[in-house]
Amino acid sequence: MTPPGRSWRTAPVRPALPVGRSPLTLPAYWVVTALLLVGAVRVAGVWRDGYERFPVAATAALVLFALYAVPFWSVLGSLDYLEREPAPLLALAFAWGALVATTLALAGSPAAHNLLAKLASPGFAAAWGPAVGGALVEEVAKTLGVCAIVLIAADYVNSVLDGFIYGALVGLGFQVVENIVYAISAVALAGRGDRIDPVVTTFLLRGVLGGLWSHTLFSGLAGAGIGYLVVRHQRPRRVRVLTAVLAFLGAWLAHFLWNSPLWAEGFGGGGWGVLAALVVKGAPPLVVIVLVVRVAHGRQADYYVDQLSGLGDRRVVTPGELRVLASGPLRAEARRQAGKRAGARAGRAVRRLQTAQARLAVALSRAAIAGPHSDRADAEVSHWHREVLAQRTKLEAYGHPEAIAVDVRRARLLRWTGTAAGLVALGMIWFAIRALGPS
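Position in the sequence shown (first residue = 1) + 21 = my numbering.
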């Protein structure tokens with residue numbers, strides 16, 4: 022079933038019932054496992070070298086950037102609310118970026134730098150090497166991680182949004198390890214012993230300021246292209262391949278711009294000039310990627326919401342709940358309003374109802390293509406249908422029969438308030454970096 026007015030050729034989701042053979046029987050699984058082991062040994066060696074020289078600073082860097090990964094992981098993991106990705110695959114994506122992509126970059130980036138020095142000049146390689154060769158090597162290494170997930174578990178790549186999430190987590194893993202290495206290098210360059218202030222400066226500059234438009238988003242864009250290639254299989258192959266290539270080139274171009282020496286001294290000198298240059302280099306790719314994610318998220322939400330709408334059963338979902346279910350801010354507002362009106366138990370019941378409705382939508386999409394596995398698919402539909410009705414009964418008992426968001430303006434206001442708070446936080450962080458001084 023596709024949303025009204027949308028042809029079968031443009032359905033944004035390719036539902037799949039995961040009933041294939043065990044990944045242990047796939048050669049790709051063992052190749053990926055071997056690469057992860059090699060990467061783990063290499064990254065552990067790099068960490069050990071830093072820890073032996075600066076144990077306090079190295080530990081601080083590890084702790085800071087591990088904590089830094091938590092909110093990113095949380096946001097990415099919840100982005101696909103209606104069709105959650107399996108935790109093992111999310112962990113695999115992160116591990117590929119942290120271990121395999123990092124190892125490939127440690128070997129490939131110096132080689133690319135040397136090649137540029139020979140083809141152009143040492144000066145050109147020093148200035149443009151990170152933007153040309155470094156960005157290319159790193160984006161290839163990270164995109165291969167999304168390809169590995171497709172080879173191992175293609176049934177779990179059901180939409181462009183899935184590809185973005187896996188790609189972004191690959192980038193997050195790479196970003197965390199790279200920043201730890203940079204933090205330890207900053208301590209060595211400072212030449213003041215085992216101190217943590219260079220680590221904090223690196224964390225604020227590369228983690229917070231640079232992290233808004235860094236590897237996580239670059240790899241997410243490339244992953245979205247892989248998702249399109251895998252999901253839109255009704256499209257001509259040349260269209261799908263071209264889209265994936267363009268997405269990869271977009272990721273590389275964003276990375277190229279960020280690493281390039283353009284505006285390295287900022288605009289007009291001074292701290293605010295440098296900050297403005299960072300925004301000019303990072304904001305355009307950020308806006309493009311956010312728009313891509315928003316469109317992909319909206320189309321996927323429409324698809325799954327339509328699965329429920331087709332039932333025509335107000336006990337399962339009401340028209341107001343359909344609108345709420347497709348939007349994260351509205352789901353949160355519906356829970357808040359239920360808690361305010363009927364108590365905390367009602368708020369929790371709304372959360373459980375929303376979860377059951379989302380799982381039912383996915384089960385319905387899978388049942389439509391189950392084929393010989395229809396018994397299993399129908400059982401899944403029946404299970405989540407019963408769960409939806411059970412949570413509906415609880416809500417009715419609490420005197421709050423419908424999980425809707427009445428105050429839509431408040432949800433929008435919270436979104437804009439969060440954006441404004443983020444901009445203020447960036448300014449405060451910049452002042453903190455300036456106060457810490459050079460590392």
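Think of the CB as a built atom: it goes at the ideal place given N, C-alpha and C, for glycine as much as any other residue.
Note to self: Give me, in chain order, the residues of the same chain whose beta-carbon lies closer than 6 angstroms to that of R397; leave out the 5 immediate sequence neighbours on both sides.
What the structure shows: Nothing meets the Cβ criterion.
For P219, is the classification buried or exposed, using 16 other Cβ atoms within 10 angstroms of its Cβ as the cut-off for buried?
Label assigned to P219: buried.
Inter-residue spacing [alpha-carbon to alpha-carbon] between S461 and V266 = Absent from the model: residue 461. The displayed extent of the chain is 22 to 460, so no value can be given.
Using the rule of at least 16 other Cβ atoms within 10 Å of the residue's Cβ for burial, across every protein chain shown, is H254 buried or exposed?
That one is exposed.
Would you call the CB atoms of K163 and S240 closer than 8 angstroms? Yes. Within cutoff.
Identify which residue in Y102, L103, G98 and T124 has its Cα closest to the Cα of A112. Residue nearest to A112 within the set Y102, L103, G98 and T124 is G98 (criterion: CA-CA distance).
Exercise for the section: Could you spell out where the alpha helix (DSSP H) holding T46 opens and where it closes? Expected result: Note, T46: premise wrong, no alpha helix (DSSP H); not H, not E.
Please give the ranges of any alpha helix (DSSP H) in the region 253-339, keeping only runs that are unbroken, at least 4 residues long and fully inside the region. For the region 253-339, whole alpha helix (DSSP H) runs of length 4 or above, ordered along the chain, are 258-280 and 291-330.
*Can you grab the Cα-Cα spacing for the pair R366 / A426, in whole Å?*
For the pair R366 and A426, the Cα-to-Cα distance works out to about 17 angstroms.
Alpha carbon of L88 to alpha carbon of R335, nearest angstrom | So the two alpha carbons sit approximately 43 angstroms from each other.
Classify T264 as buried or exposed, calling it buried when 16 or more other Cβ atoms lie within 10 Å of its own Cβ. The residue is buried, with at least 16 neighbouring Cβ atoms inside 10 Å.
According to DSSP, is V34 helix, strand or coil?
Taken through DSSP and simplified to helix, strand or coil, V34 comes out as strand.
- Rank P92, I201 and N179 by C-alpha distance to the C-alpha of R69 and give the top, closest one. The candidate whose alpha carbon is nearest that of R69 is I201.
key: Cβ separation of V191 and A90, assumed to be a contact under 8 angstroms, to the nearest whole Å   = That pair is no contact at about 13 angstroms.
Determine, using beta carbons only, whether N280 comes closer than 8 angstroms to chain C.
The chain labelled as chain C is not found in the depicted structure, where only one protein chain is given.
message = Just to confirm the assignment, what range does the alpha helix (DSSP H) spanning D183 have?
response = V181 to A211 is the extent of the alpha helix (DSSP H) around D183.
Legend entry - Alpha carbon of A138 to alpha carbon of L346, nearest angstrom: Between A138 and L346, the C-alpha separation is close to 54 angstroms.
Practice item. Rounded to whole angstroms, what's the CA-CA distance from H318 to A243? Just pull it up for me. Key: Rounded to the nearest angstrom, the two C-alpha atoms are 16 angstroms apart.
**OP:** Return helix, strand or coil for S142, following the three-state DSSP convention.
**Re:** Looking at S142 - three-state DSSP - the assignment turns out to be coil, as it is neither helix nor strand.
ask   = Skipping 5 residues on each side, what residues in its chain have a beta carbon closer than 7 angstroms to that of I173?
value = Within its own chain, the residues whose Cβ lies closer than 7 angstroms to the Cβ of I173, once the five positions on either side in sequence are excluded, are P44, L47, A49, Y50 and V53, listed in chain order.
Apply the 10 Å Cβ neighbour rule to K302 and answer buried if 16 or more other Cβ atoms are within range, or exposed otherwise.
With at least 16 other beta carbons inside 10 angstroms of its own, K302 counts as buried.
- Residue of W279, V96, A355 and R63 minimising C-alpha distance to R373: Its Cα nearest to that of R373, the residue A355 stands out among W279, V96, A355 and R63.
Let me know if G154 comes out buried or exposed under the rule of 16 or more other beta-carbons within 10 Å of its beta-carbon. When all chains shown are included, G154 counts as buried.
From G231 to A391, what does the alpha carbon distance come to, in whole angstroms?
-> Counting only the Cα atoms, A391 lies some 45 angstroms from G231.
### Message
Is it buried or exposed, P459, if we count other Cβ atoms within 10 angstroms and call 16 or more buried?
### Response
Note that P459 scores 47 on pLDDT, short of 50, meaning its location in the model is unreliable; the coordinates nonetheless yield the value given after this. Residue burial is scored here from C-beta neighbours: P459 has fewer than 16 other C-beta atoms within 10 angstroms and is therefore classed as exposed.
Compare the beta carbon distance of N135 and R35 with 8 angstroms and say whether it is the shorter of the two.
In this structure, R35 does not lie closer than 8 angstroms to N135 by Cβ.
Give the secondary structure of S348 by DSSP, where H, G and I count as helix, E and B as strand, and everything else as coil. When secondary structure is reduced to three states using DSSP, S348 falls in the coil class, being assigned neither helix nor strand.
Rounding to the nearest angstrom, what Cα-Cα distance links A169 and G194 in this structure? One C-alpha to the other measures close to 15 angstroms.
My output table needs one value for L85: the three-state DSSP class, helix, strand or coil. Three-state result, L85: helix.
Opening and closing residue of the alpha helix (DSSP H) in which W117 lies:
Run containing W117: none; DSSP gives neither H nor E here.
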